[in-house]
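Just so you know, the protein sequences line up as chains A and B, in that order. By this note's numbering, the letter at position 72 of the first sequence is numbered 934, and the numbering carries on one by one without gaps. By this note's numbering, the letter at position 37 of the second sequence is numbered 899, and the numbering carries on one by one without gaps. Even glycine gets a Cβ: it sits at the ideal position worked out from N, Cα and C. Notes follow the structure.
There are 2 protein chains.
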Amino acid sequence: MKLQLALDSSNSQEAKRILEKVSDLVDIVEVGTPLLMKEGVKVVTEIKSAYPQLEVLADLKIMDAGDIEASIGFEAGADIVTVLGVAHDVTIGRAVNQARTLSKKVMIDLIAVSDVRARIDQIDAIAPDYCCVHTAFDLQDHGMDPLREIQLVQSALKRTQMAVAGGINPGILPDILAYHPAVVIVGGFITNHPEPRQAALQIKELLA
Amino acid sequence: MKLQLALDSSNSQEAKRILEKVSDLVDIVEVGTPLLMKEGVKVVTEIKSAYPQLEVLADLKIMDAGDIEASIGFEAGADIVTVLGVAHDVTIGRAVNQARTLSKKVMIDLIAVSDVRARIDQIDAIAPDYCCVHTAFDLQDHGMDPLREIQLVQSALKRTQMAVAGGINPGILPDILAYHPAVVIVGGFITNHPEPRQAALQIKELLA
């Protein structure tokens, strides 16, 4: 099981300061969407060059022009780019083909997919590397419970591995681990913690 | 009726070269998603400062954290940011609130909305400034006809103005104009034309 750290600040100095404290504890470092919007993919290049041993994920949330936009991430040094599960199949397929050509990976983000049961089979047929159950940040205040969706996705995926994201902390993590995700994505619990390293160690302990 | 030029190249020098040739012919200049991914919103700042008389739209395709991500665009100088119509209502609402606070605008992109008829009423109720009928680039080879969707959207919108995008050229434009969009978005026909200014003049003539 891999631990992915989501750098969700739009301030690159702050994001890099946190990464420095926990880089030996994580497997994948995610350059978050706000940071990519602010700085573009040069942050991906900088982080990959500073931490070549880590996998770097660019959370581009690709929605159109799958091949062109995936290439922008991959050429900047990303090992993984994200594509939205609500995108058309042809967009997902073009990003996955681009990843195969360059020996890179695609993670599908299920955010705002309305009929997960139906969509997950269509996505699995395109065979991206990862499919991420994602509770939209904007909905976390609204009491959505991701566990039911995690169970649904895990039981449906045949060719694609499951990742889980959205407000993960040590309280909810044991329930999630029961479904054996390939990747656990943690953002705010580590990045907003007064002691990010201590927070990451708490997560690591539960993953062991 | 406003003409929006979509700068869809990921090369900022090339995008700026084209804009220079046609800036007096367009009302809104769109910094496209691939360019934003590559360079971040600093391109928005550069273009707004070079052409303060133009409205600048940042095609951020916001999907989550509506207030935070809209702010990134607005603070960089964008007059308009895009939010995906497939995003949750709360995400759209937060971006629209942010726009109201800063006297800026939001354009909703209907790309990949599966049930346009049902969704358009929900979006119109949130009252963003524009709602864009958008044929995904990846689907334009697949013979999708946007006219039916344009008619549907135009008849449903009450509080929001309609924009139209996706492979618009002088051949299809008269059919689109029959539905009185507030904004016509043209990309490739101008940006890939051997004489971009001549292409823009051709479009302008039809809009007059």
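Neighbour flag for Gly902 of chain A against chain B, beta carbons, 7 Å: For this step, residue 902 of chain A is matched to residue 40 along the first sequence. Yes, Gly902 of chain A lies at the interface with chain B (some Cβ there is under 7 Å from its Cβ).
Going by C-alpha distance, which of A:Gly894, A:Asp889, A:Met863, A:Glu882 is nearest Leu869 of chain A? Locating residue 869 of chain A in the first sequence gives position 7, counting from the first residue. Residue A:Gly894 is the option with its Cα nearest to Leu869 of chain A.
Residue from B:Glu937, B:Val975, B:Ile930, B:Gln1016 whose Cα sits closest to the Cα of Thr953 of chain B: Locating residue 953 of chain B in the second sequence gives position 91, counting from the first residue. The shortest C-alpha separation from Thr953 of chain B is found at B:Ile930.
When you compare the CB positions of Lys1020 of chain B and Asp991 of chain B, do they come within less than 7 Å of one another, or not? Indexing the second sequence from 1 puts residue 1020 of chain B at position 158. Indexing the second sequence from 1 puts residue 991 of chain B at position 129. Against a cut-off of 7 Å, the Cβ pair of Asp991 of chain B and Lys1020 of chain B comes out as no contact.
Tell me Val952 of chain A's beta-bridge partners as DSSP assigns them. Taking the first sequence and counting its residues from 1, one reaches residue 952 of chain A at position 90. Paired residue(s): none; Val952 of chain A is not in a bridge.
Endpoints, the beta strand (DSSP E) within which Met1024 of chain B is located: For the purposes of this step, residue 1024 of chain B is identified with residue 162 of the second sequence, where counting begins at 1. That run of the beta strand (DSSP E) goes 1023-1027.
If we ignore side chains and look at the alpha-carbon of each, how far apart do Gly822 of chain B and Val1026 of chain A end up? Here chain B comprises residues numbered 863 to 1070, so residue 822 of chain B is not present and cannot be evaluated.
Given Leu1063 of chain B, which residues of its chain have a CB within under 8 Å of its CB, disregarding the five upstream and five downstream residues? In the second sequence, residue 1063 of chain B corresponds to position 201, counting from 1. Taken in chain order, the residues that qualify are Leu887.
Beta-carbon within less than 7 Å of Val948 of chain A's beta-carbon, same chain only, minus the 5 sequence neighbours each way: which residues are those? If you number the first sequence from 1, residue 948 of chain A lands on position 86. Ala974, Val975.
Does DSSP classify Asp971 of chain B as helix, strand or coil? Within the second sequence, residue 971 of chain B is the residue found at index 109, counting from 1. Note: Asp971 of chain B maps to strand in three-state DSSP.
Distance CB(Asp971 of chain B)-CB(Leu946 of chain B) smaller than 7 Å: Locating residue 971 of chain B in the second sequence gives position 109, where the first residue counts as 1. Locating residue 946 of chain B in the second sequence gives position 84, where the first residue counts as 1. Cβ distance < 7 Å, so Asp971 of chain B and Leu946 of chain B count as in contact.
Any residues in the segment 1026-1046 of chain B with a beta carbon nearer than 7 Å to a beta carbon of chain A? Which ones, in chain order? none
Keeping to the same chain, check which residues put their C-beta closer than 7 Å to that of Pro1032 of chain A; ignore five residues upstream and five downstream. Numbered from 1 along the first sequence, position 170 holds the residue referred to as residue 1032 of chain A. Counting only Cβ-Cβ distances below 7 Å, and skipping sequence neighbours, we find Gln1064, Ile1065, Leu1068.
Terminal residues of the alpha helix (DSSP H) in which Val1015 of chain B lies: On the second sequence, position 153 is the one that residue 1015 of chain B refers to. Per DSSP, Val1015 of chain B belongs to the alpha helix (DSSP H) from 1009-1018.
Give the range of the alpha helix (DSSP H) segment to which Met875 of chain A is assigned. Taking the first residue of the first sequence as 1, we reach residue 875 of chain A at position 13. First, the residue type needs correcting, since residue 875 of chain A is Gln and not Met in the sequence shown. Segment 874-884, the alpha helix (DSSP H) holding Gln875 of chain A.
Which same chain residues end up closer than 8 Å to Ile1052 of chain B when comparing Cβ atoms and leaving out the 5 residues on each side of it in sequence? Taking the second sequence and counting its residues from 1, the one referred to as residue 1052 of chain B is at position 190. Only Leu867, Ile880, Val884, Pro1058, Ala1061, Ala1062, Ile1065 meet the Cβ criterion.
Please state if the CB of Thr944 of chain B and the CB of Lys910 of chain B are separated by a distance shorter than 7 Å. For this step, residue 910 of chain B is matched to residue 48 along the second sequence. For this step, residue 944 of chain B is matched to residue 82 along the second sequence. Taking 7 Å as the Cβ cut-off, Lys910 of chain B and Thr944 of chain B do not qualify as a contacting pair.
First through last residue of the beta strand (DSSP E) which encompasses Val918 of chain A: By 1-based counting over the first sequence, the position of residue 918 of chain A is 56. Note, Val918 of chain A: beta strand (DSSP E), 917-924.
Per DSSP, cross-strand counterpart(s) of Tyr913 of chain A: Numbered from 1 along the first sequence, position 51 holds the residue referred to as residue 913 of chain A. According to DSSP, Tyr913 of chain A bridges with nothing at all.
Expressed to the nearest angstrom, what Euclidean distance is found between the alpha-carbon atoms of Gln984 of chain A and Asp1037 of chain B? For the purposes of this step, residue 984 of chain A is taken as the residue at position 122 of the first sequence. For the purposes of this step, residue 1037 of chain B is taken as the residue at position 175 of the second sequence. So the two alpha carbons sit approximately 35 Å from each other.
Strictly below 9 Å CB to CB, what residues from chain C border Glu931 of chain B? Absent here is chain C; the protein component of the structure consists of chains A and B.
With Val893 of chain B as the anchor, note down where its beta strand (DSSP E) starts and where it stops. Numbered from its first residue, the second sequence carries residue 893 of chain B at position 31. Element bounds for Val893 of chain B: 890-893.
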